[in-house]
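In my numbering, the protein residues as written are 54 to 151.
Data block below; observations after.
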């Protein structure tokens with residue numbers, strides 16, 4: 054749910070005036086782990102997320118082999134209310150039933 058390629062990229066977009074790369078102890082480089090993932094993967098993105106902007110989620114999604122990835126964008130939700138949306142729950146249920 055609303056994943057990101059790296060926390061440094063997320064923080065840099067939120068705080069462009071800070072040297073985030075120098076301040077972050079762990080960069081949580083999710084994108085670097087993608088080549089080791091061979092399982093079907095679901096990425097759920099909140100359309101109006103202002104914490105994890107869509108660009109960061111898309112960067113992670115683009116690193117996956119297309120055959121392994123299911124990507125769902127939940128419309129009209131943000132970072133804090135995505136889990137309350139029925140489309141979010143339906144996307145997870147549908148993915149797990151496959």
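We put the CB at the ideal spot given by N, CA and C, even for glycine.
Just so we're clear, the structure is a prediction, and the values are computed from it rather than from any experiment.
Whether residue i touches residue j by CB criterion (7 Å)
| i | j | result |
| --- | --- | --- |
| residue 97 | residue 73 | no |
| residue 66 | residue 106 | yes |
| residue 127 | residue 99 | yes |
| residue 77 | residue 61 | yes |
Close beta carbons around residue i, own chain, < 6 Å, minus the five adjacent residues each side
| i | result |
| --- | --- |
| residue 138 | 127 and 130 |
Environment of residue i [buried if 16+ CB atoms lie within 10 Å]
| i | result |
| --- | --- |
| residue 135 | buried |
| residue 114 | buried |
| residue 86 | exposed |
| residue 102 | buried |
Bounding residues of the beta strand (DSSP E) (the contiguous stretch that carries residue i)
| i | result |
| --- | --- |
| residue 38 | As shown, the chain starts at 54 and ends at 151. That puts residue 38 outside it, with no answer to give. |
Neighbourhood of residue i by C-beta distance below 7 Å, restricted to the same chain and skipping five residues each side
| i | result |
| --- | --- |
| residue 82 | 59 |
| residue 84 | 58, 59, 112, 113 and 116 |
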